[in-house]
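Below: one structure, written as structure tokens.
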Amino acid sequence: MQLNTDFSAVLNQAVFQHLKAAAAELGVETYVVGGFVRDYLLGRKKEVTDIDFVCVGSGIELAKTVQKRLPNAAKISIFKTYGTAMIKFEGMALEFVGARKESYHKESRNPVVEAGTLKDDQNRRDFTVNALAVSLNESDFSTLIDPFNGLEDLKKGVLRTPLDPVVTYSDDPLRMLRAIRFATQLDFEIESNSLEAIVQEKKRMEIITKERIVDELHKIMATQQPSKGFLLLDQVGLLEDILPELTALKGIDEVEGQTHKDNFYHTLEVVDNICENTTNLWLRWAALLHDIGKAPTKKFSKTNGWTFHAHEFVGAKMVYKLFKRLKMPLNEKMKFVQKMVFMSSRPIVLAQDIVTDSAVRRLVFDAGDHVDDLLTLCEADITTKNPKRFARYHQNFKLVREKIVEVEERDRVRNFQPPVSGELIMQTFGLSPCKEIGIIKEKIKEAILEGEIPNEFEAAKLLMEKEGKALGLKKVANEK
Ligand code: CTP
């Protein structure tokens, strides 16, 4: 891997010049460190959202001095307890910390901190590739300080801890997940001692909050190929602790020579597939969870072979429990994932057969505004290795998409509003609220979805009158 080792151009940017001047004014050694340095060296094309600075002195004092130099009253936040500060500047978070030595207690991620040298500070960081520092001092401006051969590790694409990995991970167990997340984001390998240390220390994850765990899972899900992260999580034994619903999908059973596919590897394939077509995090989650109901519903019978009866229904219920356990939002995002899981098999039938208008109308009716997302999920779900079938299913989904546009233009069943209101039914037959109103409305909806009548007022009104009569209702005189 070729690295961008020349920092001179990027350090001309205003933010670094302000830092340099503030450091000189205070007379404190100051460095840019962490993700910014790593990503610059790698030439990663991504928006810079935060830059970490470390100084041999008070990070808070440095931040205050920088803030005075910045135009437009940049906002500063000071975290006295942690000895850190943050300034919002041009859409970026500038993070400041004084170089420190840290020692940890068993039951907490929060270390006891004392002032240290730059080397002490680099030592306490998670990976050699995150411990690279670039000087902002006048004497050696733009020099890279790399005490642990982080540059070599970057070139080789290796994640290695500066200290013994058992110490680094035990100090802050979140780093085990960070290792897997970085390996997935950067397509790096985790060095073998580190992997072993994760297996050994994985129990320590107990002290990590669910929110932080989920944050790392989201970051894995946001990559091009999340399967890499999930396979690593599985390899070190963390997946079973965090998402047992997924590991339960592992394995192929055989009874009387009949097998089913391994739904764990299938799921990971579906997730990678969907990442090619959407950046919607929750749709990606839906892909990850779309088959979780298959483990508890798996059955074998002589007549039907392997079945997963009602797995979509069971899976949607499991989504709620999983979100609750992981303290994920129990709001419309969770409902969206549930809906996708619940409906995940619906369009497949359409793709296997000739698509009728009424089947498409029903799909649009049930999926509403999420019908495109549902189709994206179902297309990702095509993992057959038979090229003919693969092409045929994709072609059929293309037809389904075309039919949706056609049917939508004509029948407008997305976010369906009944063309005849309950009120009109009551007025027409002189009714107070009663079950007949619901029956008539349902008949009208069914007739529209089946294509027996168009989604129009006049046709619906005629049907209402007919169905009312069939129910023995009489029209009243003052009907408008
Ligand atoms: N760090 C660490 N251990 C952690 C978190 C962070 O050692 N548990 C150190 C690393 O040196 C890291 C730096 O703090 O590079 C900044 O952390 P963060 O902003 O979380 O990550 P970045 O490396 O900047 O990467 P990204 O922003 O892409 O997540």
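Mind the numbering: the sequence shown is residues 1 to 480 in the working numbering, read in order.
Cβ coordinates follow ideal geometry from the N, Cα and C atoms, glycine included.
_Quick check on the DSSP output: the beta strand (DSSP E) that includes residue 7 runs from which residue to which?_
As a working note, residue 7 is residue 7 in the sequence shown. Looking at the DSSP string, residue 7 is not in any beta strand (DSSP E), and its letter there is neither H nor E.
*Could you please give the first and the last residue of the uninterrupted beta strand (DSSP E) stretch that includes residue 300?*
Here residue 300 is taken as the residue at index 300 of the sequence shown, counted from 1. 298 to 301 is the span of the beta strand (DSSP E), which, as asked, contains residue 300.
*Could you give the DSSP three-state label for residue 152: helix, strand or coil?*
Position 152 of the sequence shown, counted from the first residue, corresponds to residue 152. Helix.
*How many angstroms separate the CA atom of residue 324 from the CA atom of residue 149?*
For the purposes of this step, residue 324 is taken as residue 324 along the sequence shown, with counting starting at 1. For the purposes of this step, residue 149 is taken as residue 149 along the sequence shown, with counting starting at 1. Answer to the nearest angstrom: the Cα atoms are 43 Å apart.
_Is it buried or exposed, residue 199, if we count other Cβ atoms within 10 angstroms and call 16 or more buried?_
The residue you call residue 199 lines up with position 199 of the sequence shown. Burial call: exposed.
*For residue 180, which of 227, 142, 167 and 145 has the nearest alpha-carbon?*
Start at 1 with the first residue of the sequence shown, and residue 180 comes out as number 180. The shortest C-alpha separation from residue 180 is found at 227.
_Just to confirm my understanding: we take residue 479, look at its own chain, exclude 5 residues before and 5 after, and list those with CB closer than 7 Å. What are they?_
Here the question's residue 479 lines up with position 479 in the sequence shown. Residue placement at residue 479 is flagged as unreliable, the pLDDT there being 48, under the threshold of 50; a coordinate-derived value is accordingly withheld.
*Return the CA-CA distance between residue 293 and residue 202, expressed in angstroms with no decimal places.*
In the sequence shown, counting from the first residue as 1, residue 293 sits at position 293. In the sequence shown, counting from the first residue as 1, residue 202 sits at position 202. Computed Cα separation, rounded: 27 Å.
*asked:* Closer than 6 Å to a non-hydrogen atom of the ligand SAH - does that hold for the CB of residue 35?
replied: Among the ligands modelled here, namely the ligand CTP, the ligand SAH does not occur.
_Range covered by the beta strand (DSSP E) that runs through residue 308_ = Start at 1 with the first residue of the sequence shown, and residue 308 comes out as number 308. Residues 305 to 308.
*Which one of 114, 101, 144 and 21 has the shortest CA to CA distance from residue 38?*
By one-based count along the sequence shown, residue 38 stands at place 38. It is 144 whose Cα lies nearest to the Cα of residue 38.
*Quick one: using the 10 Å Cβ neighbour count with 16 as the cut-off for buried, is residue 220 buried or exposed?*
Sequence index remark: in the sequence shown, residue 220 carries index 220 (1-based). Flag for residue 220 reads buried.
*Who are the near neighbours of residue 177 in its chain, counting only those whose CB is closer than 6 Å to its CB and skipping five residues on each side?*
Counting from 1 along the sequence shown, the entry for residue 177 is found at position 177. Contacts found: 216.
*Any contact of the region 311 to 322 with the region 250 to 265, i.e. 3+ C-beta pairs under 8 Å?*
no
*For residue 419 and residue 390, believed in contact at Cβ under 8 Å, the rounded distance*: To locate residue 390, count along the sequence shown from 1; it is residue 390. To locate residue 419, count along the sequence shown from 1; it is residue 419. Contact doesn't hold; Cβ gap of about 41 Å is too wide.
*Given a cut-off of 7 Å, decide if residue 188 and residue 157 are closer than it, judged by their beta-carbon atoms.*
Indexing the sequence shown from 1 puts residue 157 at position 157. Indexing the sequence shown from 1 puts residue 188 at position 188. Their beta carbons are under 7 Å apart, which means residue 157 touches residue 188 by this criterion.
*asked:* Quick check: what's the CA-CA separation for residue 101 versus residue 225?
replied: Numbered from its first residue, the sequence shown carries residue 101 at position 101. Numbered from its first residue, the sequence shown carries residue 225 at position 225. When rounded, the distance between both Cα atoms is 36 Å.
*Among residues of its own chain, excluding the 5 on either side of residue 11, which ones have a beta-carbon nearer than 6 Å to its beta-carbon?*
Reading the sequence shown from its first residue, position 11 is the one you call residue 11. Once the five neighbours on either side are set aside, the close Cβ partners of residue 11 are 142.
*List the endpoints of the continuous beta strand (DSSP E) containing residue 31.*
Within the sequence shown, the letter at position 31 stands for residue 31. Here the beta strand (DSSP E) through residue 31 covers 30 to 33.
*For residue 86, which beta-bridge partners are listed by DSSP?*
Start at 1 with the first residue of the sequence shown, and residue 86 comes out as number 86. Answer is 77 and 95.
_Per DSSP, the bridge partner or partners of residue 53_ = Taking the sequence shown and counting its residues from 1, the one referred to as residue 53 is at position 53. Answer by DSSP bridge pairing, in chain order: 32 and 96.
*Which word fits residue 338, buried or exposed, when buried means at least 16 other C-beta atoms lie within 10 angstroms of its C-beta?*
Here residue 338 is taken as the residue at index 338 of the sequence shown, counted from 1. Buried, because 16 or more other Cβ atoms sit within 10 Å of the Cβ of residue 338.
*Tell me, which residues are paired with residue 46 by DSSP?*
One-based indexing of the sequence shown puts residue 46 at position 46. Per DSSP, none; premise fails for residue 46.
*Chain-order list of residues whose beta-carbon lies under 7 Å from that of residue 56 (same chain, five-residue window excluded)*: Locating residue 56 in the sequence shown gives position 56, counting from the first residue. Excluding positions up to five away in sequence, the list reads 28, 29, 99, 117 and 118.
*Flag residue 94 as yes when its Cβ comes closer than 6 Å to any non-hydrogen atom of the ligand CTP, and as no otherwise.*
Within the sequence shown, the letter at position 94 stands for residue 94. The answer is no for residue 94.
*Counting only runs of 3+ residues fully inside the region 124 to 194, write out the beta strand (DSSP E) ranges in chain order.*
133 to 135
*What three-state label does DSSP hand residue 423 in the structure shown?*
In the sequence shown, residue 423 corresponds to position 423, counting from 1. If DSSP states are grouped into helix, strand and coil, residue 423 belongs with the helices.
*Taking 6 Å as the line, does the beta carbon of residue 126 fall inside it for any heavy atom of the ligand CTP?*
In the sequence shown, the residue the question calls residue 126 occupies position 126. Because some heavy atom of the ligand CTP lies under 6 Å away, the Cβ of residue 126 counts as near it: yes.
*Between the C-alpha atoms of residue 64 and residue 111, what's the straight-line distance to the nearest angstrom?*
Numbered from 1 along the sequence shown, position 64 holds the residue referred to as residue 64. Numbered from 1 along the sequence shown, position 111 holds the residue referred to as residue 111. Cα to Cα, the separation comes out at about 25 Å.
*Can you grab the Cα-Cα spacing for the pair residue 291 / residue 66, in whole Å?*
What you label residue 291 is simply residue 291 of the sequence shown in a count that begins at 1. What you label residue 66 is simply residue 66 of the sequence shown in a count that begins at 1. Whole-angstrom Cα-Cα distance: 52 Å.
*Coil, strand or helix - residue 358 by DSSP*: The sequence position of residue 358 within the sequence shown is 358, counting from 1. Residue 358 falls in the helix class under three-state DSSP.
*Helix, strand or coil: which one does DSSP assign to residue 103?*
Counting from 1 along the sequence shown, the entry for residue 103 is found at position 103. DSSP places residue 103 in strand when its eight states are reduced to three.
*asked:* In whole angstroms, give me the CA-to-CA distance for residue 272 and residue 287.
replied: Looking up residue 272 in the sequence shown gives position 272. Looking up residue 287 in the sequence shown gives position 287. For residue 272 and residue 287, the distance between alpha carbons rounds to 9 Å.
*Contact check, residue 351 vs residue 400 under 8 Å by CB: the rounded distance?*
To locate residue 351, count along the sequence shown from 1; it is residue 351. To locate residue 400, count along the sequence shown from 1; it is residue 400. Yes, residue 351 and residue 400 are in contact; Cβ-Cβ is about 7 Å, under 8 Å.
_Just to confirm, is the Cβ distance from residue 471 to residue 436 under 7 Å?_
Start at 1 with the first residue of the sequence shown, and residue 471 comes out as number 471. Start at 1 with the first residue of the sequence shown, and residue 436 comes out as number 436. In this structure, residue 436 lies closer than 7 Å to residue 471 by Cβ.
*asked:* Quick check: does the Cβ of residue 175 come within less than 6 Å of any heavy atom belonging to the ligand CTP?
replied: Along the sequence shown, read from residue 1 onward, the residue named residue 175 stands at position 175. The answer is yes for residue 175.
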